[in-house]
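Protein chains in written order, with our numbering: chain E, 52 to 165; chain H, 6 to 117.
Down below is the structure, laid out as structure tokens.
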Amino acid sequence: DGGITQSPKYLFRKEGQNVTLSCEQNLNHDAMYWYRQDPGQGLRLIYYSQIVNDFQKGDIAEGYSVSREKKESFPLTVTSAQKNPTAFYLCASSVTGVGGYGYTFGSGTRLTVV
Amino acid sequence: GDSVTQMEGPVTLSEEAFLTINCTYTATGYPSLFWYVQYPGEGLQLLLKATKADDKGSNKGFEATYRKETTSFHLEKGSVQVSDSAVYFCASRDNYGQNFVFGPGTRLSVLP
């Protein structure tokens with residue numbers, strides 16, 4: 052079945068470490084997105100990519116980096132510059148250029164600083 | 006820019022009660038509208054959608070009608086169950102398939 056897979060489900064980071072969250076989709080979607088969700092809060096857009104080898108900053112890109120070398124993959128790196136990284140991270144993908152299509156979300160990665 | 010507003014939660018109901026979660030949008034054109042549901046510890050799942058005025062989306066007993074005149078897309082269910090306890094997000098997307106605009110989410114708790 053087609054879908055979007057995030058790994059790991061839980062991730063622990065020490066102070067000063069960079070960590071990378073994986074997001075893979077086999078839906079043949081052009082666009083992929085990363086969101087951050089804090090407890091009891093809504094979704095905030097970190098980065099998005101509408102085509103391979105191109106990506107754009109969202110509302111809260113500071114302290115994060117991404118790459119889009121393959122259509123299927125959009126990894127997110129949480130760098131040591133992100134001072135408060137503990138959160139739930141959601142990856143999504145979608146068709147672009149045509150209205151009416153929703154986002155497909157992964158099951159999320161919960162990142163905790165220890 | 007485009008925006009989506011939802012009623013503030015949390016909403017607490019008894020099992021079999023009627024549910025309404027209000028959602029209004031602002032947009033320059035006529036966007037597609039969506040409701041997503043997030044169960045604890047999980048990602049978001051598409052619940053229903055409507056792509057043009059007067060369309061009704063429905064799924065799992067939930068319904069929402071695209072009302073252009075009131076720029077609304079309220080979510081309703083006639084009889085909620087404990088298993089409906091989740092966070093519900095209203096969202097819009099323009100007809101060019103640009104990025105979604107999400108509402109802040111409404112937490113629903115259904116008590117037995």
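C-beta: ideal position from N, C-alpha, C; glycine also.
Legend entry - D24 (chain E) (DSSP reduced to helix, strand or coil): Since the first and last residues shown for chain E are 52 and 165, residue 24 (chain E) lies out of range.
Inset, instruction - Tell me whether S90 (chain H) sits in a helix, a strand or coil according to DSSP, three-state version. - result: Taking the second sequence and counting its residues from 1, the one referred to as residue 90 (chain H) is at position 85. Correct three-state label for S90 (chain H): coil.
Inset, instruction - Please list the residues of the stretch 136-162 of chain E that have a C-beta atom closer than 9 Å to any C-beta atom in chain H, keeping them in chain order. - result: Of all residues in the stretch 136-162 of chain E, F139, L141, C142, A143, S145, V146, T147, G148, V149, G150, G151, Y152, G153, Y154, T155, F156, G157, S158, G159 and R161 have a Cβ within less than 9 Å of some Cβ in chain H.
Legend entry - Buried or exposed by the 16-neighbour rule on C-beta atoms within 10 Å, applied to V115 (chain H): Looking up residue 115 (chain H) in the second sequence gives position 110. A residue is called buried when at least 16 other Cβ atoms come within 10 angstroms of its Cβ; V115 (chain H) meets this threshold and is buried.
Legend entry - Local Cβ density within 10 Å of Y152 (chain E), reported as buried at 16 or more and exposed below that: The count along the first sequence starts at 1 and reaches residue 152 (chain E) at position 101. Buried, by the Cβ-count rule.
Legend entry - Neighbourhood of F68 (chain H) by C-beta, 8 Å cutoff - its chain only, sequence neighbours within 5 removed: On the second sequence, position 63 is the one that residue 68 (chain H) refers to. At residue 68 (chain H) the sequence reads Glu, which differs from the Phe that was named. Excluding positions up to five away in sequence, the list reads L53, K61, G62, L80, E81 and K82.
Inset, instruction - Just the C-alpha distance for S8 (chain H) and I26 (chain H), rounded to the nearest angstrom, thanks. - result: Reading the second sequence from its first residue, position 3 is the one you call residue 8 (chain H). Reading the second sequence from its first residue, position 21 is the one you call residue 26 (chain H). Taking the straight line from one Cα to the other gives about 17 Å.
Legend entry - At least 3 beta-carbon pairs within less than 8 Å: the stretch 23-42 of chain H vs the stretch 119-138 of chain E: In the pairwise beta carbon analysis, the stretch 23-42 of chain H is classified as not touching the stretch 119-138 of chain E: fewer than three pairs are separated by under 8 Å.
Inset, instruction - Below 8 Å CB to CB, which residues in the same chain sit around K65 (chain E) once its five sequence neighbours on both sides are set aside? - result: Here residue 65 (chain E) refers to the residue found at position 14 of the first sequence. V164 and V165, listed in sequence order.
Legend entry - Identity of the residue in H:W40, H:R98, H:P117 and H:S88 nearest G6 (chain H) by Cα: Taking the second sequence and counting its residues from 1, the one referred to as residue 6 (chain H) is at position 1. Across the set H:W40, H:R98, H:P117 and H:S88, the C-alpha of H:R98 shows the shortest separation from the C-alpha of G6 (chain H).
Inset, instruction - Check whether the Cβ atoms of L51 (chain H) and Y41 (chain H) lie closer than 7 Å to each other. - result: Here residue 51 (chain H) corresponds to residue number 46 of the second sequence, with the count starting at 1. Here residue 41 (chain H) corresponds to residue number 36 of the second sequence, with the count starting at 1. Yes, these two residues count as a Cβ contact at 7 Å.
Legend entry - Residue of E:T137, E:V149 and E:G150 minimising C-alpha distance to R87 (chain E): As a position in the first sequence, residue 87 (chain E) is number 36, starting the count at 1. The option with the nearest alpha carbon to R87 (chain E) is E:T137.
Legend entry - M83 (chain E) in three-state terms, based on DSSP: Start at 1 with the first residue of the first sequence, and residue 83 (chain E) comes out as number 32. Per DSSP, reduced to three states, the secondary structure at M83 (chain E) is strand.
Legend entry - For I111 (chain E), the three-state DSSP class (helix, strand or coil): The residue you call residue 111 (chain E) lines up with position 60 of the first sequence. Three-state DSSP puts I111 (chain E) in coil, outside helix and strand.
Inset, instruction - Please state if the CB of V87 (chain H) and the CB of P109 (chain H) are separated by a distance shorter than 7 Å. - result: What you label residue 109 (chain H) is simply residue 104 of the second sequence in a count that begins at 1. What you label residue 87 (chain H) is simply residue 82 of the second sequence in a count that begins at 1. No, Cβ-Cβ distance for P109 (chain H) and V87 (chain H) is not below 7 Å.
Legend entry - F78 (chain H) - DSSP class collapsed to helix/strand/coil: As a working mapping, residue 78 (chain H) is identified with position 73 in the second sequence. Three-state result, F78 (chain H): coil.
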